[in-house]
Amino acid sequence: MKFHILGDLKVEGAGGPLSLTSHRQRAAVVMLVLAANREVAVERLAQAIWDESPPPTARDQIQICVSMLRKRFGQEGVAASIVTGPVGYALEVDPAEVDLLVFEDLVAAARRALDAGHPEQAERDFHAAVGMWPATGNPPGGSQVLDAVAVRMAEQRLTAIEEWAAVRLDVGEPDGLVPVLLDLVALHPLRERLRGLLMRALHRTGRRAEALDTYRAGREVLVDELGIEPGEELRQLQQHIIADEPKPRRPVHRVRLSASRSGPARDPVAGRPVRLSGEDKALLVLGLLSGDLTVAEAARKYHQPEPDIELWQRQFLDGGRAGLTGTAPPGPPRDPDLSARVAELTTALGEAHIELRTWKRRALTENNPLKVAT
């Protein structure tokens, strides 16, 4: 693979990796790789480089940056080209040369195998996908757009790990999961699904007392930091472990929006889009905030009306995940504890470093949904 974006950014040439020390070049490469074979608007590149305060010469500077990247790609034998489009630039590259796209394809293949009733194959594909991420690395950053990209990619990785662990437990192979899940729960103590998987793995390996201690520790964190009790699924799992019963196997929960490049699943009979859950809507909105999609692109890709997507942006900014359940009416939020709900969502999606609270205040002050450059 020539383009590595999982962890550290790295571009491989014929003689080895290119040195990309300029923030401007790194930001441009990240945005072009994320949208491989799709055009990225100059305005979006400018936001990724300079946030909301690009200089008057931003367009000229981006043109010079792209010209230098083209020259370096040619000199170093990079198997890709940057082409100019009507509103920006696109990286033309074989998808097999981009590690993020290979990761997404493996995750999609694992989900298809699971849907087809082949959990062993799904476990192998999930394991291969998770194994593509380095143990350490510096994700893209340096601007609000790039910070949001890093959050979204971290969420993709965590979701894939959760799905892999769930499948591995369901096929009766808990060995090796406990150390991995212990580390992740320590890093993401508010992520209930991870904690539930750790509890299951401990229980399945004969460590019932530790599984119950894991629940108690998680409850303390949730109560102390968010003022909420664990969710129903985690509470039910605790009761199964207290009764020393195996947790009933159920289909693995899968979030399709973060890893699918072909849009949501469709009703095989009626041909209609499947209704999006509140969590899926939140991930779609984060895709908009990260700059990976515009409202128009999201509407085409996921077969959802543009007004609905714009409403979801407002509901998310008003009330976090609680505002995207499909039951909250448009307009001012009514939940008196919205700040805790927003904190819960942003923490659950990877300790987000995107300034959601600032954007929320701006949107509410201006009485407009967040504007995404096209």
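Using numbering that gives the first Met the number 0, the first residue of the sequence shown is number 0, and each one after it goes up by one.
Note that CB positions come from ideal geometry on N, CA and C, so glycine has one too.
- In this structure, D7 sits away from G130, with a CB-CB distance that is not shorter than 8 Å.
- Between L90 and V32, the beta carbon gap of about 6 Å places them in contact (Cβ cut-off 8 Å).
- Secondary-structure assignment with DSSP links E91 through a beta bridge to S80.
- Judged by DSSP secondary structure, G12 falls outside any alpha helix (DSSP H) and instead within the beta strand (DSSP E) spanning 9-12.
- Secondary structure at V86: coil, using DSSP grouped into helix, strand and coil.
- Nearest neighbour of L197 by Cα position, chosen from A128, A115, L283, L168, turns out to be L168.
- With a contact defined as Cβ atoms closer than 8 Å, M30 and L44 qualify at about 6 Å.
- In this structure, V28 sits away from V77, with a CB-CB distance that is not shorter than 8 Å.
- Shortest Cα-Cα distance from E231 to any of I81, E191, A153, I61 involves E191.
- Counting along the chain, T158 sits inside the alpha helix (DSSP H) bounded by residues 143-169.
- Between A216 and P306, the alpha-carbon positions lie close to 42 Å from each other.
- DSSP places A40 in the strand class (E or B) of the three-state scheme.
- T213 and M0 have their C-alpha atoms some 40 Å from each other.
- CA-CA distance, L310 to A147, rounds to 20 Å.
- Pairing A159 with P94 gives a Cβ-Cβ distance that is not under 8 Å.
- For P16, the secondary structure class from DSSP, reduced to helix, strand or coil, is strand.
- For E224, the closest of G205, L211, L189 by C-alpha to C-alpha distance is L189.
- If you draw a straight line from the Cα of A13 to the Cα of V92, it is about 15 Å long.
- In the DSSP secondary-structure assignment, V32 is not bridged to any residue.
- No Cβ-Cβ contact shorter than 8 Å links I48 with V65.
- With fewer than 16 neighbouring CB atoms inside 10 Å of its own CB, S52 falls in the exposed class.
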